[in-house]
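Student:
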Amino acid sequence: MQLGKIPRIRLGEYPTPLAELTNLTRRLGGPRLFIKREDLVGIAL
29 MQLGKIPRIR
39 LGEYPTPLAE
49 LTNLTRRLGG
59 PRLFIKREDL
69 VGIAL
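Position one of the sequence shown corresponds to residue 29 (my numbering), numbered consecutively onward.
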């Protein structure tokens, strides 16, 4: 059996995006804050 012939399914969204926390940044007076959106990975394994 050749591994290249096995169908693949996508189990998650990679790489996970960064989201800017503009309201919190403004509230704290800087610097720019970001959060890594690991909740968008997809199904839990």
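Quick reminder that beta carbons are idealized off the backbone N, C-alpha and C, glycines included.
DSSP three-state call for Leu52: helix, strand or coil?
Tutor: Of the three classes helix, strand and coil, the one that applies to Leu52 here is helix, per DSSP.
Student: Since Leu61 and Leu49 are thought to touch, with beta carbons under 8 angstroms apart, how far apart are those beta carbons, to the nearest angstrom?
Tutor: Correct: roughly 4 angstroms between the Cβ atoms.
Student: Could you name the residues of the same chain whose beta carbon sits closer than 8 angstroms to that of Ile63, not counting the 5 residues immediately before and after it, in chain order?
Tutor: Counting only Cβ-Cβ distances below 8 angstroms, and skipping sequence neighbours, we find Leu46, Ala47 and Leu49.
Student: Between Thr53, Leu52, Thr44 and Gly40, which lies nearest to Arg65 when the distance is taken from Cα to Cα?
Tutor: The shortest C-alpha separation from Arg65 is found at Thr44.
Student: Among residues of its own chain, excluding the 5 on either side of Gly70, which ones have a beta-carbon nearer than 7 angstroms to its beta-carbon?
Tutor: Closer than 7 angstroms at the Cβ level, and outside the excluded window around Gly70, lie Leu39, Gly40 and Glu41.
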